[in-house]
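Take a look at the structure set out below.
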Amino acid sequence: MSSHDHQAPHGFSTIALHWGMAALFVAAFILGQIMEELPRGAEKLSVLGWHLLAGGAVFILALPRLMRRRKIKSVHNEGAAWERGAATVVHVALYALMILLPLSGFLAGASLPTAIPIPGGFELSPLFSSPMLHEAMEEAHEFLVVALVWGVGLHIAGTLWHKFVKRDGVAGRMSPFARHRQSG
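Residue 184 is where the sequence shown starts when you use this note's numbering, and the numbers rise one by one after that.
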């Protein structure tokens, strides 16, 4: 792969999925933090519904994101072995979290004894009211949120490394402001 390939931006759909999912993760995180501060009741259930909606959207978009990822030339083929390894580990972890975080959240919600109103006139009915499962999934979900924060932090650190230390153009590939777009 030439340095020119490093500088070529991703296509519109790849960049839109990247930043759209980032926005959904941020929204879900903020809603989760708000929800933690609310007392039990209708308002907390309403915020939980929005939180589940954002998480569900992440889960649904994860499939096209993973499929798209398989078609993209990897930038993990150049650089020192530790750089390639770090990039691979962080990306695999972030992709796993796109699946595991929404799944653990869904299972935590579905194991509550009450229905959760979802915006748009839907609701998540209790599929299996189990305090033990709910507690386990809630703990797993909270652990995965911490893992996501670390993963995003490392992802941003890698971006800054490419931008300011290596200056190889990799950091600009996912920029929505890149001048020349590929088709995908």
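Virtual Cβ for every residue (Gly too), placed ideally from N, Cα, C.
{"query": "Cβ contact (3+ pairs, closer than 8 Å) linking the stretch 217–236 and the stretch 266–276", "result": "no"}
{"query": "Touching by the beta-carbon criterion (3+ pairs, under 8 Å), the stretch 351–359 and the stretch 310–318", "result": "no"}
{"query": "Closest residue to I301 among T342, L337, G239, R252 (Cα-Cα distance)", "result": "G239"}
{"query": "Start-to-end residues for the beta strand (DSSP E) that takes in E306", "result": "305–307"}
{"query": "Bridge partner(s) assigned by DSSP for I301", "result": "F305"}
{"query": "Cβ neighbour criterion (16 or more within 10 Å) applied to R252", "result": "exposed"}
{"query": "Burial state of T197, where buried means 16 or more other Cβ atoms lie within 10 Å", "result": "buried"}
{"query": "Exposure label - P222; buried when at least 16 CB within 10 Å", "result": "exposed"}
{"query": "Contact under 7 Å by Cβ, A237 with A264", "result": "no"}
{"query": "Secondary structure of L343, DSSP reduced to three states", "result": "helix"}
{"query": "Cα-Cα separation between L284 and H324, rounded to whole angstroms", "result": "6 Å"}
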